[in-house]
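Undergrad: Following this message is one structure expressed as C-alpha cells.
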Amino acid sequence: MNKAQKALYRGVNKLNDIVKITIGPNGRNVIIDRKNSSPLITNDGVTIAKEVILPNHDENLGAEVIKQASLKTNTEAGDGTTSAIVLATAITNHARRAISRGHQPIKVKDALFNAARKALDLLPQHVRQIHKFTDLRRVAINSCANEEDGTMVAKALSKVGADGLISLEMNQTGTTELTFANGVKLQATITSPYLQTKNLHDAKVLVTDGTIKSIQEILPILENAIKTNSPLLIVADDYTNEVVNALVLNRAKAGLQVVAVRSTATTDCAVITNATLISPQNDLTLPQATAIHLGHASQIIFDGEYMTILSDEKSDAFENHIERLRNELKQTTDDYRRTRLKERIANLTTTAGLISVGCPTEAATMEKRLRIEDAVAATSNAMREGVVIGGGITYLKIAKELNRNDIGERILKQALPAIYRQINRNYRFDPATCNVIDAATVIKSVIKNATSAAAILITTGTII
C-alpha cells in the first residue's frame with residue numbers, strides 16, 4: 407500500500423471516529439463551531455459529516471469520498487446517515503485487508519457490488535408492512551430519540567399520509583406545536599436564480615393566466631407590497647425579460663420580498679389562495695388589478711420545479727371549484743383526462759402538517775429541528791416500504807445469510823455487523839428483546855451507498 411492510499415484510509419477512519427458516537431437511541435451529540443453564528447449541537451450524521459474538514463489534505467479526500475454515502479442516504483431515506491459512514495468504513499477496512507493478501511482491487515470491487523445486490527435481494531424477507539399508529543410512533547421515536555416529538559410526527563403522518571405535506575419551521579416561542587392547514591403542491595418554476603428563496607411567510611398572491619409584458623402593468627401591486635412590507639408571490643403563464651429584470655432590481659434595491667414563478671396551474675393557485683384570477687375570462691386585465699384581487703398564503707415553500715402553498719380556511723370558491731372538477735370527472739370518458747382530474751382533485755384536497763419547532767435556545771431549536779426532520783423522512787419511508795427490526799439487528803441477519811467462500815460476500819459479511827456493534831457500544835441492549843423498528847428504505851440505502859463509496863476508495867491508487 408502506497409503513501410496516498412494510507413492517507414485516504416486514515417481520513418476514512420478519522421471521519422468515522424467523529425460520527426460513530428452519534429448512532430443509536432443513546433448516541434451522543436457533537437457541538438459544531440460555526441464562526442458567525444451560535445454553535446450547532448446535533449447527532450445528525452450527515453450534518454456533522456458536512457462540517458468535517460481534516461487538516462491533512464490527502465486524509466480529507468478519503469473522508470470526502472465516504473461522506474458521499476451519507477449524503478446520498480440522506481437524500482434517499484432521510485435517516486441512516488451515520489450507519490452509512492460506519493458501514494462504508496468497515497467495508498473499506500475489510501476490503502483493504504483482502505487486497506493486501508493478494509486479491510485484485512477491481513475484482514474485489516465487482517464482487518462487492520454483487521454481494522450488495524444479494525444483500526438487497528435478501529432484505530424483503532425481513533420486511534413487514536405497517537398500518538397501525540403504534541408502529542408509526544415507534545419508527546418516529548426511534549429516529550428522533552424523543553417520545554413526545556416522535557408521537558407528534560406519527561400523528562402528522564397518520565393524517566396527511568406517506569406522500570403528504572409536512573412543513574417544518576423554527577420559532578422563538580420556546581414550544582413545539584403541530585397544526586394542520588390546506589396544502590397544495592403545484593408545478594412552478596422561479597423565473598430567475600436571483601429571485602430564489604426557500605419560502606415566503608404570510609404572503610400576498612397575484613395570479614394571472616397571461617404573460618406579464620411590462621413592469622408598468624403590475625407597478626401598483628409592487629408599490630402596495632413595498633408600502634405594506636408584505637412578501638409577494640406572482641404566478642403567471644410567462645414574463646418578458648424586462649419584467650424579470652425589473653423584479654430582480656426591486657428585490658435587490660427596494661427590499662421587496664418578491665418571487666415570480668411560471669406555472670400553468672393558475673386556476674388552482676388562485677382558488678387555493680382565494681385570489682381573483684386576472685384573466686380575460688373574468689373581464690380583468692393586469693393594469694386593473696389592485697390589492698383587493700390579491701390572494702393570501704400562510705406559507706409558500708419552493709422546491710425545484712414545485713411550490714407548496716399552505717393556505718387558511720377553504721373559501722366557498724374553493725369548494726365550488728372542487729365540485730366543478732368532480733362533475734367534470736363524472737362526465738369525462740377519456741381515460742387520460744380522468745386520471746389527470748383525479749390527481750388534480752386529490753392534490754387540491756390535501757391536508758398539510760405544520761410543525762413549528764421551538765426551544766429555549768437557538769442551538770437547541772436547530773438540533774431538535776434536525777431530529778424531527780429525520781423522523782418525518784424515516785416514518786414516511788416506513789409507511790411506503792415497510793419496516794425491519796432495528797438496532798442493527800437486520801444487518802446481522804443479512805450478514806448470516808452471505809457466503810464466506812465469495813470474497814465480496816465475505817467482506818460484506820464481516821462489515822455489516824459493525825453497525826450493530828457500534829449501536830450496542832453506545833446503548834447496551836439485548837437483541838433478543840429489541841423492539842426498535844427501522845424503515846426498510848434506510849437499510850436498503852445504507853447498504854447500497856456504503857458499498858459504492860467503499861468501492862471507489864479501494865480502487866484508488868494515487869492522489870493528484
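According to my numbering, the residues represented by the sequence shown are 407 to 870, in order.
We put the CB at the ideal spot given by N, CA and C, even for glycine.
1. Report the start-end ranges of each alpha helix (DSSP H) in the segment 452-525 that is 4 residues or longer and not cut off at the edges.
2. Starting from Ala-703 and walking both ways along the alpha helix (DSSP H), at which residues does that stretch end?
3. Taking just the CA atoms, how far does Ser-564 sit from Met-558?
4. Could you tell me which residues DSSP pairs with Leu-446 in its beta bridges?
5. Secondary structure at Met-558, three-state DSSP: helix, strand or coil?
6. Which residue's Cα is closest to the Cα of Glu-583: Val-590, Leu-592, Gln-593, Ile-572?
7. Can you give me the C-alpha to C-alpha distance between Ile-547 and Ala-845, rounded to a whole angstrom?
8. Starting from Ser-598, follow the alpha helix (DSSP H) in both directions and report where the run begins and ends.
9. Go ahead and pull the three-state DSSP assignment for Thr-540.
10. DSSP beta-bridge partners for Leu-612?
11. What residues in its chain sit with their C-beta under 7 Å from that of Asn-753, if we drop five residues either side in the sequence?
12. Comparing C-alpha positions only, which one of Val-793, Thr-857, Asn-832 sits nearest to Arg-434?
13. So what does DSSP say about Leu-760, is it helix, strand or coil?
14. For Val-452, collect the residues of the same chain with a Cβ closer than 7 Å to its Cβ; drop the 5 residues on either side in sequence, then sort them by chain order.
15. For Ile-497 versus Ala-805, is the C-beta spacing smaller than 8 Å?
16. Could you give the DSSP three-state label for Thr-714: helix, strand or coil?
17. What's the gap between the Cα of Met-407 and the Cα of His-509?
18. Only counting the same chain, and skipping five residues up and downstream in sequence, which positions put a Cβ closer than 8 Å to that of Thr-585?
19. Relative to the C-alpha of Glu-773, which residue among Ser-786, Pro-511, Tyr-742, Glu-575 is closest?
20. Please report the distance separating the alpha-carbon of Phe-402 from that of Met-789.
21. Alpha carbons only, please: which of Phe-708, Val-545, Ala-560, Asp-674 is nearest the one belonging to Val-848?
22. Let me check understanding here. Comparing Cα to Cα, which of Lys-736, Ser-717, Glu-768 lies closest to Thr-755?
23. Tell me whether Arg-810 sits in a helix, a strand or coil according to DSSP, three-state version.
24. Return the CA-CA distance between Ile-923 and Val-611, expressed in angstroms with no decimal places.
25. Within 10 angstroms of the Cβ of Ala-502, are there 16 or more other Cβ atoms? Answer buried if so, exposed if not.
26. I need the straight-line Cα distance from Val-566 to Gly-616, nearest angstrom please.
27. By Cβ distance, which residues of its chain are closer than 7 Å to Val-459, with the 5 residues on each side in sequence left out?
28. DSSP beta-bridge partners for Val-667?
29. Suppose the cutoff is 8 Å on Cβ atoms and the five residues either side in sequence are ignored; what does the same chain contact list for Ile-869 look like?
30. Thinking C-beta only, is Asp-485 closer than 8 Å to Ala-784?
31. Round the Cβ separation of Asn-588 and Thr-714 to the nearest angstrom and send it over; I've been treating them as touching at under 8 Å.
32. Go ahead and pull the three-state DSSP assignment for Ile-576.
33. Going by the beta-carbon positions, is the gap between Ile-512 and Thr-857 smaller than 8 Å?
34. How many angstroms separate the CA atom of Gln-828 from the CA atom of Ile-491?
35. If contact is defined by three or more beta carbon pairs under 8 Å, each pair taking one atom from either stretch, is the segment 733-742 in contact with the segment 682-702?
36. Could you tell me the distance, in whole angstroms, from the CA atom of Asn-647 to the CA atom of Ser-549?
TA: In brief:
1. 463-483, 487-506
2. No alpha helix (DSSP H) holds Ala-703; the beta strand (DSSP E) holding it covers 701-709.
3. 10 Å
4. Ile-438
5. helix
6. For Glu-583, the nearest C-alpha among the options comes from Ile-572.
7. 12 Å
8. Counting along the chain, Ser-598 falls outside any alpha helix (DSSP H), and DSSP gives it neither H nor E.
9. helix
10. Ile-640
11. Val-590, Lys-591
12. Asn-832
13. The three-state reading of DSSP puts Leu-760 in strand, counting E and B together.
14. Ser-476, Leu-477, Asn-480, Thr-487
15. no
16. strand
17. 13 Å
18. Once the five neighbours on either side are set aside, the close Cβ partners of Thr-585 are Gly-759, Leu-760, Ser-762.
19. Glu-575
20. Outside the shown range of the chain, which is 407 to 870, sits residue 402, and nothing can be said about it.
21. Val-545
22. Ser-717
23. coil
24. The structure shown does not extend to residue 923, since the chain spans only 407 to 870, so no value can be given for it.
25. Here residue 502 is Arg; the residue named in the question, Ala, does not match the sequence. Classification of Arg-502: buried, given that the 10 Å Cβ count is 16 or more.
26. 33 Å
27. Val is not the amino acid found at residue 459; the sequence shown has Ile there. So the list reads Asn-466, once near-sequence residues are dropped.
28. Residue pairing of Val-667 in beta bridges, as defined by DSSP: Ile-596, Val-641.
29. Ala-410, Ala-413, Leu-414, Asp-464, Leu-467
30. yes
31. With 8 Å as the limit, Asn-588 and Thr-714 do not qualify as a contact, their Cβ atoms being about 11 Å apart.
32. Residue identity check: residue 576 is Met in the sequence provided, not Ile. Three-state result, Met-576: strand.
33. no
34. Taking the straight line from one Cα to the other gives about 12 Å.
35. no
36. 47 Å
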